[in-house]
Every structure is written in structure tokens, then in C-alpha cells.
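**Student:** Position in the sequence shown (from 1) plus 347 gives the number in this note's numbering.
By construction, the Cβ of each residue, glycine as well, lies at the ideal position given by its N, Cα and C atoms.
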Amino acid sequence: MSDASEEQIIDDFQQRTRGYWTTQQYERVTALLISWADDELGVASEIDRLKVLLEQHLRYSTQRYHIPSINSEAELSHRLTSFVRECALGERDLAIVYYGGHGDNTVVDEAGYPAWRAKLENGPTVEWFPLQRQLGNAHSDVFVLLDCCYAATKISREFENGQFEILAASSSGSRVPKPGRLSFTSVLIRELKKQIDAGKDVPIRWLQTHLWSASTPPALTESPQYFTLVKRDLPTIRLAPLTAKIAPGFAQKQPAASSFALLSISFTEDPTAHQLADWLKSYPPNTVSEVNIEALILRARFLEGLNEKHHPLQGSILGKVSPSAQAEIIDRMSELSNVMKKSKVLTQAEVALADIPGDLRATTLQNLNSKVAEVSESVEKGILLDSNIDLTAAQDDSVVAACEVDQVISLRQRLLSSASIPDRLDLPRGLITWDKRGKGDGQSRLRTGNIKGRPIVAEIFNYQHLTTATSNEPPPHMMTQFRKMVALLCHPKQENFHILPCLGYTHDWASKTLSLIFEVVWDSFDTQISQMNISGTSTRKFGTPLMLSKYMSKQKRVALGVRVKLAASLAKALESFHKVGWVHKSLKSDNIVFLPPDADADAATVLDQPWLFGFEYSRPEDDSTLLQEDHSLSNNAYRHPERWGKPLIKFKKSHDIYSLGIILLELAYWKPIIGFPEMKSSPGRTLVPTKIRDELLGRLRTEGPHVCGQSFADSIVACLTFEEIAAGLDEFGAHSEFSSRIVNRLASIRGI
């Protein structure tokens, strides 16, 4: 390459990767604090406190702006333009924009397009979404804080010049408390001050989870929402005090790097800087990106270093988990250390990656990734299955942080929360355009539609049988439980749960129905963006939702390998539920749904992505159980014998696992359970639940290995007898048995 082209490539590369690896602080931070001149809510005192925190504790500059009641939108737009021009054009700048005041979701009549309102009723308004895009002209990083109702916003990933993050006080369907001890801004100020006084930086992505899970009362009543507007993967913004300016003549010593790696590359033709930058940051996993290698190896080195100590978990909250959990974590760390010893060729700084064969790199890194994931899994189990562990303290623990289990801890906290049921998660019914029902679908509880072109699936619950002659309202206890469930479904969660992102619910008083609204996601499971966000359009189509029970009748033959893969996915989903203390309570093939791309899709395509529905009775395991009477054989067939008819025993995790076993039995025989001879009554045969289970077990032990293979059959037997397997075990031990005897066994089946 010529000197000129090298210089250009270096310059372009630095622009393309600016901020990706750097941890240097900003040189200038300016916060624009916005509220209405006609301050009906009385937010001024809170903003003054925030101003003091930013100026005195963080050494940031602040500017106050009061939106006028006349020409509000034009005046605010002009002020933002000036702010960007004056404070957000430098690469080492950070621009913060804060709004406190009323929010509204009816101005545009579409969720995700909130407006800022001077008064609760009437008065001037400004639309936030166009203003958000106006901030896209900044050349600095941008951080937006929104303390208002319906704060979560439609986003457009168009920002190219740096990081752009939004932290909103609530979802697009929720209200927040007025200024005071419970307000988002008050809790934000308190938690920021605690972190800063402790000498800690504050990463914005971490801040969202921390604010929701903060244990110091008073706690937030709504889960904050986090969004990023950048297409590239950039580090989160970190709030930290600016250092005092150094007097001329004094040099500031930079900390020495702990290690270096030299990457030597040979080109067959001149590359562009964008190609180099994008390759380094997003190289496919099978050939491995250096960025991912670095992150993985750093985590692996940290965990390996712990294992070399005499007491690996000493000083960590993991030293307080049960002895069996500690033993498993230490065993997994030892296994990781063994892999690291074999992988030194990749982890030593003096070795050039170009000298290592590609297949060795890929295999070694896959092994490393697998072992790090196993350590993380054991850490998750140890924390989540021990009721004595302080979850907030766990999130602040360095060992736990290295295992990247924040999201699942946050879900557990959401599950346990009893004082923060959102006031409103309901969506305007007029927002949804329903698809025309197909022939025979008139009574289906699942219905499809779209919100501004974005596909959704609704699950409809009818509560008519619970109402009285004088009221169309559902019973208060039912509505409370339902709203708790919606909040849980809307919370970010891992793909392993096999739950579509929930947007909220609609309430139709006329038909006495409540509908859960789920967004259909395709190419990625991005709950951080999707869960409370209604934006953009989709060109991908899907057919009528297809229940597993109906598909078994429609598709006469399905390859055993496809059925085993589906069984493994369902088992992993239930493991994810139980790990955070969530029981489904209604697992059956009617509640396993597929969204085929078209009516002619093959079985492998249809069954590749199961989604769980049927959350009418879903709840935290520790919640009270309604011992409702139900003598329907189509429902009881999936239930543990203790739960048939009118149950006298509280629902337990083992009851969910029994239901899973019945579904796995259906997959093994590719036949609905209601069609099994064991489920048939006759004049001389009364259906006795315990006898039915014994007969199914007898069938499995004699026919099972021939029908579906020994491992699959053993997994089903373990599900149907799990009550006995787990007897006398603690939570960690029982979960470990479920993982080893069922989840891992199904996942390990090969060659079918």
C-alpha cells in the first residue's frame, strides 16, 4: 500500500473504531436540564438537586432550560440545535439531556411516540421523537434521561458519530410517581451519589438494572427502560467525575498496559478502513473476532486466577451459597483451568494469531466459551436458588459480574417484587390492526395482527365466568395477579425462555377479555429494544399460529431428530423458568405454539422455534395457589396425579416437570396424550391418576427404547418420577438433578 493510502486507512480506521476500545474519560460534559416554564408538577426542586450532583460531585457543566408555553416545539427545537452546536461537536465531549415533567401517549395515538406535556389536561405539548432525531446531529456521545410517564420511546438506529443511550423512567405504557421520594429522579440522585462517593464509575447499561434492583428504600415502582440508538456495538457511556485540569508544565502519567498482542495481517488487495474495523469488531464466531477473543479470554483468565487461590470463592458473595453450589462452581472453574492450560497458545501475548491454524483457533475458543458458560451457569444456579442471597449485593460482586448474569438476576428481582406492580401496562385497543380470522379460527384464543406494520400475536383470556351480574370488571385479586404476570413477561429475558417479547395487554370490557400482546421477532431476540417498543415495520410474514397439538394431527410423520431437538428446547425453557423461581402451571401441547413462515413449511422449519403461551395461571413459585377445580380430561392428562380434579396440594416445580414429561411422551410417540389407551375410560375402567402414571411408566420402560431411544425414554421417565427423585433434596440439588437427568441428557442426544 502507498504511504498516502496507509495514512488515509489509519485515519478512517480511527474514526470507525473511535470509542470502541478506549476507556479514557471525557474532556467536557455538559447537561441540559429541561422542564416546563409552567411547572404544574413541581419538578424544579428535584432538578436543582440533580444540578448540584452533576456540578459538585461530577464536575459537569449544566444548563437549565424552561420550555415556554407559546411556540413550545419550535423554541425547544431551536434550543436543542444551539446545545448541540455549542456542547456536542467534540469527540471527547459528552452531551446529557434530561427532561422532567408530564408525559403523554395520546398525542400521536401510538405507543412509542410520547409527548411532553405542560399540564395533565390541556396545555401545550411537544413531540419527543422528532427532537430525539435532532440530537443525532451531535458528534459527541449523547445520554438522554427521561423522567415522565410513558417515557419509553420509538427509536431509530441512525446515530453514527458515537454512543447514544436513553434511560427512560418507564415503559411506553406506564405511569410514574410525581416528584418526591419515590420518583425516578430522586432514586437516580441517591444511587448516583452512592456510587460516586464510593469511587466507582457508573456505566449506563448497568445503571438501568441497578436502579430497578436497588434495595435501599424507597424503591422504584416502575422498571427503567434502556435503549441505544447506534447500529454498531460500542461500549456503554460511563459517568465519572472529570479530573481537575492539570497545570501547564505537569505531565499526567498514563497507566501501563498489562499486556500487548501484535496482530500481523497479510492482504491480497488493499482493504478499506471500514472493512478492517468491522472485521475486528464483528468477525463471525466460527472464525472468531479479536474483540470477542479478548473479552472471552479476559473472563477466562479472571476465573482461572480465582481457581488458583487456596479458597477460590473467599471474599465473594459466592462464598455464602450452599456447600453443594460452591462445590459445583469450583469444579467448573477447575475444568476451565484445564482447558486454559491447553489453550495457552491462544492466550499468551507473545503468540501471533496469524501463526495459529484456523481450525485450532476455532476449536479451542469454542471449548473456552463452553467452559466459561458452564461456570456462569453454576454461578446463576448458586445465587438464584438460594433464598438467603442478597441479589443486589450479588450484582455488585466482581466474580458474579465476570459471569455476566445480571439479566437473569434482574428477572429474579422482578419476580420477587411485590410493591412495584406497574399502574398501567395496558395498550390502547385502537392501536392494533387485527388480521382477518381464518376458517375455523373464530374461537381461537390466539389472534394475529400488527401495530404500525409490526406483527403481533395476542393471547386472549375470557374472565366472564368470574364476573357478577352487576359488574364487567374482573375480580381485583385476579387483576392484580394478571398485572404482575404482564410485568414479568415484559421484563427482558434470555432466548432460552422461548417467550416472545411482551408489549403489554389490552382490556375489552364489552367482551370481558384480557389480551396479552406479544411482538413477533425474527432475526434476533433483542428484548432490550423490543420489549416495550413499537417501532418500524416488518416485511417478514408468518402464517396462522400453530399449536403443537394441532400439528401432531396435521403432520403424520416427523423425523425423530427433529422431535428430540424440540424436546431439548422445551426442557431448557422450563429449566430457565425454574431457575428464577417461576412456575408455568399450564404446560401442555396446546400452549406450545409455532409461527410457520407459510402453510407448506417442512416439519424441521416449523418445529425449529417453539414459543410458550398459556400464562393465565403462571406465577412465582412462592405465590399463593388457587386450588381451582377442573375435571376436564384434556387438561388433567398433563397434570401430576396430585393436581387432578380438585387439588389439595400447592403447585410445585415437580408438577411442571411432570407436565413436561407428558409433552415429551407425545413427541416420542408423535401422538396427543388424550389418544393413548391409558387415557380411555370404559364401563370396567375408571381413570385413576396414579394408575395412569404407572401404566405410562410401564409403557416407557418396555417400549420406550425401541420407539425413541434409551436416552429420550430415560428423560421422560425422570420427568414422570421427578417428585421421588427430588425427595429430600434442597433447591440446588433438585435443580441439578433436573439439569443432569433431563435437560443435559436430551441436549446430548446425537446421531438421530
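1) Give me the DSSP bridge partner(s) of TYR445.
2) For LEU1146, which residues from the same chain have a beta carbon less than 8 Å from its beta carbon, with the 5 sequence-adjacent residues on both sides left out?
3) DSSP beta-bridge partners for GLY450?
4) Taking a contact to mean a Cβ-Cβ separation below 7 Å, would you say ILE394 touches SER382 in this structure?
5) Entirely within the region 374-423 and at least 3 residues each: give me those beta strand (DSSP E) ranges in chain order.
6) What residues in its chain sit with their C-beta under 8 Å from that of GLY961, if we drop five residues either side in the sequence?
7) Name the DSSP beta bridge partners of CYS849, please?
8) Return the Cβ separation of ALA516 and GLU438 in integer angstroms, given the expectation that the two are a contact with Cβ distance under 8 Å.
9) Our contact map puts LEU683 next to ALA749 with C-beta atoms below 8 Å; I'd like the distance itself, whole angstroms only.
10) Assign ASP548 to one of two classes, buried (16 or more other C-beta atoms within 10 Å of its C-beta) or exposed (fewer than that).
11) If I follow the unbroken alpha helix (DSSP H) through THR1037, where does it start and stop?
12) For ARG464, count neighbouring C-beta atoms within 10 Å of its own C-beta (all shown protein chains included) and say buried if the count is 16 or more, exposed if not.
13) CA-CA distance, PHE490 and GLY928?
14) Across the region 794-804 and the region 736-745, are there enough close Cβ pairs to call them in contact, namely three or more that are closer than 8 Å?
15) From the DSSP output, in three-state form, read off PRO967 for me.
16) GLN555: buried (16+ other C-beta within 10 angstroms of its C-beta) or exposed?
17) Straight-line CA distance for ASP451 to LEU913?
18) Who are the near neighbours of GLU402 in its chain, counting only those whose CB is closer than 8 Å to its CB and skipping five residues on each side?
19) So, for LEU388: in the same chain, excluding its five sequence neighbours on each side, which residues have a beta-carbon less than 7 Å away from its beta-carbon?
20) Check whether the region 845-865 and the region 774-781 are in contact - that is, three or more C-beta pairs closer than 8 Å.
21) On the DSSP bridge list, what partners appear for MET894?
22) Is it a yes or a no for the region 996-1003 touching the region 1032-1052, going by three-plus beta-carbon pairs under 8 Å?
23) Pick from SER560, TYR412, SER862, ARG648: whose alpha carbon is nearest that of SER764?
24) Which runs of the beta strand (DSSP E), 3 residues or longer, sit entirely within the region 735-816?
25) In the DSSP output, what is THR472 paired with across the bridge?
26) Could you tell me if TRP781 is buried or exposed, where buried requires 16 or more neighbouring beta carbons within 10 angstroms of its beta carbon?
27) Give the straight-line distance between the Cα atoms of LYS926 and GLY1008, rounded to the nearest whole angstrom.
28) Answer with yes or no whether the minimum CB distance from GLU989 to chain D is below 7 Å.
29) When we look at the beta-carbon of GLU1003 and count the other beta-carbons within 10 Å, is it buried (16 or more) or exposed?
30) Determine the extent of the beta strand (DSSP E) in which ALA435 is found, giving its start and end residues.
31) If you draw a straight line from the C-alpha of SER1029 to the C-alpha of SER981, how long is it?
32) Would a C-beta distance cut-off of 7 Å place VAL746 and SER663 closer than the cut-off?
33) Examine the Cβ distances between the region 940-951 and the region 894-907 and report whether three or more of them are shorter than 8 Å.
34) Where does ARG1097 land, buried or exposed, given buried means 16+ other C-beta within 10 angstroms?
35) Can you say whether PHE1085 is buried or exposed, counting buried as having 16 or more other CB atoms within 10 angstroms of its CB?
36) So what's ALA720 in DSSP terms, helix, strand or just coil?
**Tutor:** Working from what's here:
1) In the sequence shown, residue 445 corresponds to position 98, counting from 1. Residue pairing by DSSP puts TYR445 in a beta bridge opposite LEU380, LEU492.
2) Lying before the first or after the last residue shown, residue 1146 is absent from the chain, which here runs from 348 to 1099.
3) Position 103 of the sequence shown holds residue 450. Under the DSSP definition of a beta bridge, GLY450 partners with TRP463.
4) Against the sequence shown, residue 394 aligns to sequence position 47. Against the sequence shown, residue 382 aligns to sequence position 35. For ILE394 and SER382, yes; Cβs fall inside 7 Å.
5) Segments of the beta strand (DSSP E) lying fully in the region 374-423: 375-383, 408-414.
6) Sequence index remark: in the sequence shown, residue 961 carries index 614 (1-based). Result list for GLY961: GLU806, HIS931, SER933, LEU934, LYS935, ASP937, ASN938, in chain order.
7) Reading the sequence shown from its first residue, position 502 is the one you call residue 849. CYS849 has PHE865 as its beta-bridge partners, per DSSP.
8) Here residue 516 is taken as the residue at index 169 of the sequence shown, counted from 1. Here residue 438 is taken as the residue at index 91 of the sequence shown, counted from 1. Contact doesn't hold; Cβ gap of about 30 Å is too wide.
9) Numbered from its first residue, the sequence shown carries residue 683 at position 336. Numbered from its first residue, the sequence shown carries residue 749 at position 402. About 12 Å; that fails the 8 Å criterion.
10) In the sequence shown, residue 548 corresponds to position 201, counting from 1. Label assigned to ASP548: exposed.
11) The count along the sequence shown starts at 1 and reaches residue 1037 at position 690. Judged by DSSP secondary structure, THR1037 falls within the alpha helix (DSSP H) whose first and last residues are 1036-1055.
12) Start at 1 with the first residue of the sequence shown, and residue 464 comes out as number 117. Burial call: buried.
13) Position 143 of the sequence shown, counting from 1, holds the residue named residue 490. Position 581 of the sequence shown, counting from 1, holds the residue named residue 928. Using only the alpha carbons, I get a separation of about 35 Å.
14) By the C-beta criterion, the region 794-804 is judged not to be in contact with the region 736-745, since fewer than 3 inter-stretch pairs fall below 8 Å.
15) Here residue 967 refers to the residue found at position 620 when the sequence shown is read from its first residue. Strand, per DSSP.
16) As a working mapping, residue 555 is identified with position 208 in the sequence shown. Classification for GLN555: buried.
17) The residue you call residue 451 lines up with position 104 of the sequence shown. The residue you call residue 913 lines up with position 566 of the sequence shown. A straight-line Cα-Cα distance of about 43 Å links ASP451 and LEU913.
18) By 1-based counting over the sequence shown, the position of residue 402 is 55. Short of 8 Å from the beta carbon of GLU402, and not among the five residues preceding or following it, lie these beta carbons of its own chain, in chain order: SER408, THR409.
19) Position 41 of the sequence shown holds residue 388. Taken in chain order, the residues that qualify are GLY448, HIS449, LYS525, PRO526.
20) At 8 Å Cβ cutoff, the stretches touch.
21) The residue you call residue 894 lines up with position 547 of the sequence shown. Beta-bridge pairing links MET894 to VAL940.
22) No contact exists between the region 996-1003 and the region 1032-1052.
23) Locating residue 764 in the sequence shown gives position 417, where the first residue counts as 1. Nearest of SER560, TYR412, SER862, ARG648 to SER764, Cα basis: SER560.
24) If only uninterrupted beta strand (DSSP E) runs of at least 3 residues are considered, those enclosed by the region 735-816 are 793-798, 801-809.
25) Start at 1 with the first residue of the sequence shown, and residue 472 comes out as number 125. Note: THR472 sits in a beta bridge opposite ARG464.
26) Numbered from 1 along the sequence shown, position 434 holds the residue referred to as residue 781. Label assigned to TRP781: exposed.
27) Against the sequence shown, residue 926 aligns to sequence position 579. Against the sequence shown, residue 1008 aligns to sequence position 661. The alpha-carbon atoms of LYS926 and GLY1008 are separated by roughly 18 Å.
28) As a matter of chain content, chain D is missing from the structure shown, which is built from one protein chain.
29) Walking along the sequence shown from the start, residue 1003 turns up at place 656. Rather than Glu, the amino acid found at residue 1003 in this sequence is Asp. Buried, by the Cβ-count rule.
30) Here residue 435 refers to the residue found at position 88 of the sequence shown. That residue, ALA435, is in no beta strand (DSSP E); it is neither H nor E in DSSP.
31) Numbered from its first residue, the sequence shown carries residue 1029 at position 682. Numbered from its first residue, the sequence shown carries residue 981 at position 634. C-alpha separation (whole angstroms): 17 Å.
32) In the sequence shown, the residue the question calls residue 746 occupies position 399. In the sequence shown, the residue the question calls residue 663 occupies position 316. Taking the C-beta atoms as reference points, SER663 is found nearer than 7 Å to VAL746.
33) Yes, they touch.
34) Here residue 1097 corresponds to residue number 750 of the sequence shown, with the count starting at 1. Exposed, since its Cβ has fewer than 16 Cβ neighbours within 10 Å.
35) On the sequence shown, residue 1085 is found 738 positions in, with the first residue counted as 1. PHE1085 comes out buried.
36) As a first step, residue 720 is located in the sequence shown; it is residue number 373 there, counting from the start. Shown here, ALA720 sits in a helix according to DSSP, grouped into three states.
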